[in-house]
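Visitor: Protein chains in written order, with the numbering used here: chain A, 409 to 644; chain B, 74 to 445; chain C, 8 to 357; chain D, 88 to 403; chain E, 673 to 925.
Just so you know, even glycine gets a beta-carbon here, dropped at the ideal spot from N, CA and C.
All of these numbers come straight from a predicted model, not from anything done at the bench.
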Amino acid sequence: MLEVSNLEVAYGSITALHSINVRVEKGKIVTLIGSNGAGKSTTLRAVSGLLKVRSGKIQLEGKDITNLAPHLVVALGITQVPEGRMIFPNLTVVENLQMGAYRRKNNGEVKSDYEYVYSIFPRLREREKQVAGTLSGGEQQMLAIGRALMSKPLYLMLDEPSLGIAPLLVRTIFEKIVEINRQLGITILLVEQNANLALEISDYGYVLETGRVILEDKSESLRVNSLVRESYLGGA
Amino acid sequence: MSRARTILGIFLLFLFLFALTGERPFASHLAYYYDILINIGINVILAVSLNLVNGYTGQFSLGHAGFMAVGAYAAGSWSEHLSPGLVNFLAGSNGVLTFVLQPFPFLQPFAFPTAVADNLALIVATMFGGLLAALAGLAVGIPSLRLRGDYLAIVTLGFGEIIRTLILNIDFLGAARGMSVTGRYTNMFWTFGFAAVAIYVVLGLVNSTYGRGFLTVRDDEVAAEAMGINTTKYKVIAFVVGAFFAGTAGSLFAHYAGFLTPEGFNFFKSVDVVVMVILGGMGSTTGVILAAALLTILPEVLRALAHTDFVPAAQKAIEGVIPIHLPPLQGLLENRLILYSLLLIIMMLTRPQGLFGDLAGSRKRVTSSASK
Amino acid sequence: QIKIGAVSCISGPLSTFGVSSIRGARMAIEEVNAKGGVLGQSIDLVVDDNGSKAGETARIARKFLSQDHVVAILGDLTSSATMEAAPLAQEAHVPLLTPTATAIAVTKVGDYIFRSCFTDPFTGRIMARFAIEHLHARRGVILIDVKQDYSIGVSAELGSFYRQEGGQVLQEFSFSSGDTDFRAQLSSLKSLQPEVVFVPAYYTEAALILREARQLGVKAPFVGGEGWDSPSLISVAGKTAEGSYYTNHFSPDDPEPLVQTFVRAYKTKYGTAPDALSALWYDGAGLLADAIRRAGSTEPAKIRDALATTKNFPGVTGNISVDERRNASKPVVVVTIANGQVKMVERVEP
Amino acid sequence: MAQVILFLQQLLNGLSLGSIYALIALGYTMVYGVLRFINFAHGDVYMLGAYAGFAITNVIYRFVPLDQYNAISRHTFVPIFVCTAIVMLGAMIFCAILGMSIERIAYRPLRDRPRLTVLITAIGVSLFLQNMTQFFVGAQPQAFKQLIPVRAIEGLGDLTVLSSQAAIIISTIVLMVFLRLIVMKTKIGLAMRALSVNPTACSLMGVNNGLVISFTFALGSALAAAAGILVAMDSPSITPLMGNLPGIKAFVAAVLGGIGNIPGAVVGGLVIGVLETMVEGYGFPQLRDAIAFGVLIIILLYKPTGLLGRVEREKV
Amino acid sequence: MDALLKVDRCTIRFGGLTAVSNFDMSIGNRELVGLIGPNGAGKTTVFNMITGVYQPTEGQIFLSGDRLNGLKPFNITAKGIARTFQNIRLFASLTVFDNVRAAFNLHLKHGPLHALTRGPKFKREEADIGAQAMDLLKIFNLDRFRDVMCKNLPYGDQRRLEIVRALATKPRMLLLDEPAAGMNPTEKGALMTLIEFIQEKFDISVLLVEHDMRVVMGICKRIYVLDYGITIAEGPPDEIRRNPKVIQAYLGE
Ligand SMILES: Nc1ncnc2c1ncn2[C@@H]1O[C@H](COP(=O)(O)OP(=O)(O)OP(=O)(O)O)[C@@H](O)[C@H]1O
Ligand SMILES: Nc1ncnc2c1ncn2[C@@H]1O[C@H](COP(=O)(O)OP(=O)(O)OP(=O)(O)O)[C@@H](O)[C@H]1O
Ligand SMILES: [Mg+2]
Ligand SMILES: [Mg+2]
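Next comes the structure, spelled out in C-alpha cells:
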C-alpha cells in the first residue's frame, strides 16, 4: 500500500499542496481528478522524490519513503509516467525502452517485456530505430508508458496518459491500463483530466482542488456525485 | 523610464560641470582612483552592450574584445594618422581653411581652444571607432545567424582571435610592438557619458514593443518567428549595436591608456566581459553595471590587501599555535588571481542568479506545466 | 623609508618571467637594506602585479605616483607594458628604470625613462655579427615569436644587419609563445638547409624548438639572444642544446666573485639557479638604490640626474654605464652550451 | 620529390599536432555531451595530470634511471613499460579524483541553473587551479623526465616520426574507440546520453544521476591526465599555464567536429592540427590562428553543427 | 468560392519517411475547419508546412492567391497566418501582458530609432498596443494575470494565452494545434464557445487540430481526416462521423 499522509509541498513561497491524504491499496486502480493546477502532478512528483516535501509522510508498505532520492524510489518499485512525457528525444525508441529497464538485471525477462510493450503499442515497433524526438505527440505518449512498463514496477503512476491521444487510442490505453493492473498485478495511481474514463476504470477516486482533497469515494459513487458531474464530467 | 531619465540628466550635468572644472589637478592627486573610475566606465560600456547580445537576445558571443579591438585601433589610428592629415588639409598652413580665411585676417584668432578641440577630436575618433566596430559586428552577425549556442560562441571567439592575429601582422598598427596614441583625450565626462548612452540605448530598445523582439528571440525563436518577428534582423541589430558600443569603449580606452597591444584584446578579455554579464544576472542591466564595477574594483582591493601585513601576521599566529610550516602565504595574495578566482566561484555559488538578476534565476528549467 | 615601486607580471600568461624578475629585485633590495639601506633609510620595494593584462601597468604607475609617492619606478618587464607607464612617469617627473624592456621606443618617451639592459637592435646586431664572423654562416633563417615584441624587435635588426654584412635570410618563420609544437616550421626550415638558425625568443619556446629541431634532423647551429638564459633551457632541451649559442649579459661560469655570490645567494633563497631576468632585475633594483645613494637625496629629479650619470655600476650582468640616450651600455658575451654547462665564447665590449 | 616528402612530413606533423588537440578534445566533448556545458577547467586538469606524472616520474627515477635507456629493446621493454604504466595510472587516478571533486564542489550545486552560470564557475576553477599550481610549484617550466626513449622510428626513409608522436596518435585512436564503445554500447553510456537531455526523466528511470555525472567527470579527467603525460613525453616542458592554449584549441576542435560527438572531437582535432601545420609550413605562418579560425568559421557556416554533428531539426 | 488558404498537393518527407503526401486543402473566408487523424498522421506537420517551419518537399501553398513556399515563418505570419503550438511555446521569461504585446511587433509602425527617442508617436502607439493587448486578454478573461510570469500560469490558461498571442498578430487565418488538450470537459466547453466567438468577432478562418471529438464535431463545419499522411476523408462532421474508414482508423467502434 502506498500512503500519503498530511502531505504539504511548496514551490518556493507558493504552497501547492495543503496537507493531503491519499491511500493507494495494493492491486487497485486509484485516480486523482481535479482541474488545472489542483496539485495532482505535484502529488506524483512528491511521491517520486522530485520535490522536497515540507511536512507530512509518504509510506510504501509501511516504510517511510519521504524525501527519498528519485532513483531509490524507483528501486522500490514506484515508477512514474511524467507529465509532458519526458521521453529522451535524442535516443531511439528502443534506447528509450532500455532506459526504462535501467535497474533490471534479468536479460531474458527484459527481452520478453519488449515484446509485451510492442504488443500493446505496435506503432512503437514500427518506429523502433527512429529518434524519439521526431515522434508525433501520441507516439511519444505511448513510448512514455511503454518505457515505464519496462521497469516492471509494483506501482505505476500515470500523469494524464490520454493527453493528446487520438480517441481510438485513448480507449486502447485505458484498456491496457486495466489489463496491466489485472494481469500483471501492478497497482495504479492515475491522474486524469478525462474524469469520465478515469472513474470508469478505477476503483477509488480523489478529487483535488487548489491543493486540497475536497472529495474522495469509490469511483462508482463519484461518477454519480452531482458536484463531480457538474465540474468534471462536463455536466453530462 | 522618466524618473530614470531625470536621474540620468542630473548625472550628466554633474559630469559636465566636473569636466568644466578641469580634472587634471584632481587626477594628479587621486590619479589611481581616477583610473579605476575610468576603467569602471569602460567596463560598464562593454558589459552593458554585451548584455544586449548575451543577456537580452540570448546569443552567446565570446568575441566582445575583438570588437573592442577594432574600435580601439580604428579610433587610435584615426587620431594618430588620419585625423592629423585631415586637419592639416583643412587648417594647415597651406590648408583649405587658411586659404579661405586669408582675406579675413580678423577671424583667425577664433581658432578652437585646445580643450574644445580635444573633446571634439575624441568624439569624432570614438564615433569612427564605434562605426568600424559596428561594421565588424555586421560582418560577424550576418553569417553567424545560422549558428546556435556553443557554435556561435566559437565563431565569435574565432572572430576575436582573427582580429587579434590580423593586428599582430599589420605593421601600420604596430603589430606586437603596440601602438602609441598620443592624444590622451579621454576623461570622466565622455567615459560616463558614453556609458550613459549605452545604458540608455540598451534599456530604451528593450523596453518597448519593438525591443521586446530581442527577448522573444532569447526565449523561443520558433515561437518568435511564428509571431511574425524577424529573428534574423533582431540578432543582427543586437550584434551591431553591441559591437558599436564595444568599439566606443575601445576608443575611450585607446585615448586613455595611450598605448595599445593586440594582447590586450585577447580571448581572456572577452571572458572578463562575459563574467560581468553573467555575474550581473543576464538581462538585468542594473546587475550588469554593478558587476562591471565590482569586478573592476575587486582586483584592486586584492592588490591593497597584498600590501598589508595582515596575512604574514596571521600566518605567524597560525604557525605559533599549530607547529606546521607553511609556505609564505603572502604569495597567495601577490598572485591576485588565486583569491580572485576563489571569490568568483564563491559568488557564483552563493548568488547563482546574478547579483540582481531575477531573470536568470527564473529562467531555470522547471519540470512544471511549461514543458507539457 | 624610501619607496620604490616595482611592477611586473606576477600572474597571468607571462608569470613565468614575472616571478623571476621580482625575485631578483627583492633580493637586491633586501641586500641593500641588510647593509643599512641608503641615506640612512631602508628601501621599501612596493611590488605590484599587472596580471599580464593590458592597461594594468598604467593603473599601477598611477597608484605608485599618486598613492605610494614612490621616488622611482622599476619596471615593467615587457616593452609594451612599460610603454603604458613611461609617459606617466615622464609627466610626473619620476624616474622609471626598466631592467628588461628592450624596445628602442621605450627610452625615447622622455628624459626620465631609463633602461639597464640591451636594446633589441643591439642584440640583433650581435647575433648577426657572431653568425658571420664566428660561424661563417651566410645562409640563415629566423624563427620569430610574433606574440612577443622582444622577438619582433630583435629579429628586425638582426635580419637587416645580417643582410648588410653579406648574409642571406632564406626565410623567416613565425610561431606564438605558448605553442609546444614547432615541427611544421622546422620541417620546412630543414628543407632549406640553412647554415645557421636564429631564434630570438624566450627560453620557454627555445628549449622545445631545439629539441624538436634536432629530433627532425636539423644540423645547423642555433643562435639565440639573452631571452634564452635560464636553467630550464638546458634541463628541458637536454643534449639537444649542445653546441648552440646565445648572447647574454653575463655567464654564470664567470669567475667574478660578484656573480658567484649572487648565484649562490639566489639558490639558497629560492631553490633554483637564477635566470637572466632575475639577474637583470637584481641589477636594476641595485642600480636604483645606487642612484639614490649618489643623488644624496630622495628627490626624483636628483635621482634622475644620478641615474643619467651612472658609470661602471658593477652589476652581475656586467658593468653598466648609462649612455646619452638613457640606455645601458655594457659588455655583451656570447655563450655556448657544452656538456650541459654554459661556456663563454666571446666578449664584446660596448 | 623532395617537395613530396616535405608535404608528407608536414602531413605527419599535422596529424601528430592534431592528435594532441584531439586527445584533449575527447575529454571536453565527453563532459559536454553529458552536461551540455563547456568545462573550462579541463585544460587545467590536463596540466595537473602532467604535473602529477612529473612528480611520480621523479619518484620513480630514484629507483629506475629511465634516461639510461636509449631504445626499447628486449631488456628495457619491461621496466619502461611498467614505469610508464605506473605514471599513467597514478596521474589518471589523481585527476579522476580531482575531476570528481571539482564537479562536487563547484558545479553540482549549480546543476539546475542556466549553463552559463556554471561556465563562470568553471572559469573560476580554471584560474584557481593554474594559479594555485603556480603558487606551489612555481611559474618556471619544469623538465619532464624521459619515460619512453624518444627517437625517430626507423625505416621511413626521409620522413621523421618520433616514438612519442606515434604514441600520441595511437593513443588517440584507441581512446576514441574505447570512449565511443562506453558511450554507445554500455548501460552507463546510455544513461549519460539520456541524462544530457533530461536529468529529471533520467532519475525517474532509476538512474543515480550524481553517480553518472561523477563517472563522466572521472573519465574525462583521467583522459585529460593521459593527454597531459603523452604531450609531456613529446615536449617535456610543463608549466602551470600549459593548459590554456591547448584548452582553447581543443574546445575549438570539439566544436568543429560537432560538440558532444566523440569521433567528431578527433576529426576536429586532426583537421585543426593539419590545417595549422600546412598554413605554417607553406606560406602564411603569421596568419596561422587567423586562417585556422577562418576555415573553422567557413566550415561551421556550411555545416552549422560541426563536421560530424547531427543536424537536429527541432520538432515543433 | 475563392479560397483563403489553399494547400496544393503538398508532400513532405523526412529522410525515408513520408509524413504527409499529396495533401490538398482549401479553406474559405470565415470558415471553421477541422483536421483530425490518429497520432502521427501528420497534422502538426501540415501546420508546420503552412507556417513555413518546414518546407514541403513537393507542392505549393497559397494564401489568397499569394504563394507561400520559400517564405520564412515571420513572412507568412505577416501575410496573415497565425498559429498555436501543440507543445506550449510561450515566451517563458515575459509576463502575460508582454507575451501579448510582443506579438504586436509585426504591425509596429515605429522602429528602433523611435524606441530610443520616445517621441509622441511612439508613446501613442505603445499606449494603443497596451490597450489592444488588454482588450484581447479581457476576452479570454486573462487580464487578471496581466503581470504574472506566463510560466506560472495554470496549464489551461497557458494554452489560452497562446491563442491570445496568435490573435495579436491580427491574422486572417488561425491554426490551433490541440487547444483543448489537458482541459477538463467543462473547460473544453468554454473553449468551444470562445473559438466560435473569436472566429466571428475577428472575422477569421480557423483550422483546428484536436483529438476531442466533442470539440471538433461541435464547432467545425468541415473536417479533413489524415491517416499516415494521406487524406482519407473530407466533409461535414456528420459524414465524417459515419465514414467507415475514419471509424476504422481513428474513431473506433
Ligand atoms: N515548477 C513550478 N513552480 C512554481 N509553481 C508551480 C510549479 N509547478 C506547479 N506549480 C503550481 O503548483 C500548483 C499545482 O500544480 P500541478 O502541476 O500539481 O497541478 P495539476 O493538478 O497537475 O494541474 P494540470 O492539470 O495543469 O496538470 C499550481 O498552482 C501550479 O501553478
Ligand atoms: N522533423 C521530423 N523528422 C522526422 N520525422 C518527423 C519529423 N516531424 C514529424 N515527423 C514524423 O512525421 C509523422 C507525423 O508527425 P506529426 O507530428 O505531424 O503527427 P500529428 O498528426 O500531429 O500527431 P499527434 O496527434 O500525435 O500530434 C510522425 O510519424 C513523426 O514521427
Ligand atoms: Mg498536472
Ligand atoms: Mg500533432
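#1: Given the structure, does residue 519 of chain A come close to ligand 3, in the sense that its CB is under 7 Å from one of the ligand's heavy atoms?
#2: Using the three-state DSSP reduction, which class does residue 8 of chain C fall into: helix, strand or coil?
#3: Since residue 70 of chain C meets chain B, which of its residues come closer than 7 Å, beta carbon to beta carbon?
#4: Please classify residue 517 of chain A as buried or exposed, where buried requires at least 16 neighbouring CB atoms within 10 angstroms.
#5: Please check if any C-beta of chain D sits within less than 8 Å of the C-beta of residue 601 of chain A.
#6: Let me make sure I understand the geometry here. Which of C:50, C:118, C:54, C:210 has the alpha-carbon closest to that of residue 309 of chain C?
#7: According to the neighbour-count rule (16 or more other Cβ atoms, all chains shown, within 10 Å of its Cβ), is residue 223 of chain D buried or exposed?
#8: For ligand 1, is there any heavy atom lying closer than 7 Å to the beta carbon of residue 491 of chain A?
#9: Three or more C-beta pairs under 8 Å: does that hold for the segment 817–828 of chain E against the segment 677–691 of chain E?
#10: Between residue 311 of chain B and residue 121 of chain B, is the Cβ-Cβ spacing less than 8 Å?
#11: Mapping DSSP to helix, strand and coil, what is residue 906 of chain E?
#12: Counting along the chain, where does the alpha helix (DSSP H) carrying residue 790 of chain E start and finish?
#13: So the alpha helix (DSSP H) residue 465 of chain A belongs to, where does it begin and stop?
#14: Count the other CB atoms within 10 Å of the CB of residue 350 of chain C; is the residue buried (16 or more) or exposed (fewer)?
#15: Rank B:293, B:334, B:268 by C-alpha distance to the C-alpha of residue 315 of chain B and give the top, closest one.
#16: With a cut-off of 8 Å on the beta carbons, I'd call residue 368 of chain B and residue 355 of chain B a contact; round off their distance for me.
#17: Given the structure, does residue 419 of chain A come close to ligand 1, in the sense that its CB is under 7 Å from one of the ligand's heavy atoms?
#18: Just to confirm my understanding: we take residue 235 of chain B, look at its own chain, exclude 5 residues before and 5 after, and list those with CB closer than 8 Å. What are they?
#19: Please return the same chain residues whose Cβ sits closer than 8 Å to the Cβ of residue 460 of chain A, not counting the five positions on each side in sequence.
#20: For ligand 1, I want to know if residue 464 of chain A counts as a neighbour, meaning its beta carbon is within less than 7 Å of at least one of the ligand's heavy atoms.
#21: Can you say whether residue 90 of chain C is buried or exposed, counting buried as having 16 or more other CB atoms within 10 angstroms of its CB?
#22: Could you confirm whether any beta carbon from chain B is found closer than 8 Å to the beta carbon of residue 795 of chain E?
#23: Given that residue 910 of chain E touches chain B, what residues does it touch there, using C-beta distances under 7 Å?
#24: Could you give the DSSP three-state label for residue 107 of chain B: helix, strand or coil?
#25: Could you check whether residue 501 of chain A and residue 536 of chain A sit closer than 8 Å to each other, using their CB atoms as the reference points?
#26: Please tell me whether residue 563 of chain A and residue 410 of chain A are closer than 8 Å, where the distance is taken between their beta carbons.
#27: Closer than 6 Å by C-beta to residue 674 of chain E: which residues in its own chain qualify, once you throw out the five before and the five after it? Chain order, please.
#28: Quick check on residue 274 of chain D - is its C-beta less than 8 Å from some C-beta in chain A?
#29: Could you give the DSSP three-state label for residue 183 of chain B: helix, strand or coil?
#30: Output, in sequence order along the chain, the residues in the segment 333–350 of chain B whose CB is closer than 7 Å to any CB in chain C.
#31: Just the chain E side, please: which residues come within less than 9 Å of residue 530 of chain A by C-beta, in chain order?
#32: Heavy atom of ligand 4 less than 7 Å from the Cβ of residue 716 of chain E, yes or no?
#33: Fully enclosed by the segment 301–359 of chain B, which alpha helix (DSSP H) runs are 4 residues long or longer?
#34: Mark residue 172 of chain D as exposed unless 16 or more other C-beta atoms lie within 10 angstroms of its C-beta, in which case mark it buried.
#35: From the DSSP output, in three-state form, read off residue 685 of chain E for me.
#36: Residues of chain B with CB closer than 7 Å to the CB of residue 361 of chain C, please, in chain order.
Guide: Taking the coordinates as given:
#1: no
#2: coil
#3: 105
#4: exposed
#5: no
#6: C:118
#7: exposed
#8: yes
#9: no
#10: no
#11: strand
#12: Looking at the DSSP string, residue 790 of chain E is not in any alpha helix (DSSP H), and its letter there is neither H nor E.
#13: That residue, residue 465 of chain A, is in no alpha helix (DSSP H); its beta strand (DSSP E) goes 461–468.
#14: exposed
#15: B:268
#16: With 8 Å as the limit, residue 368 of chain B and residue 355 of chain B do not qualify as a contact, their Cβ atoms being about 15 Å apart.
#17: yes
#18: 139
#19: 417, 475
#20: no
#21: buried
#22: no
#23: The contacting residues do not exist; residue 910 of chain E stays about 33 Å from chain B at best.
#24: helix
#25: yes
#26: yes
#27: none
#28: yes
#29: Residue confidence for residue 183 of chain B is low, a pLDDT of 49 falling below 50, so the modelled location carries little weight and cannot support an answer.
#30: 334, 336, 337
#31: What residue 530 of chain A touches in chain E: nothing, since even the nearest Cβ is about 12 Å away.
#32: yes
#33: 304–330, 340–353
#34: exposed
#35: strand
#36: The displayed coordinates of chain C run from 8 to 357. Any statement about residue 361 of chain C would go beyond what the structure contains.
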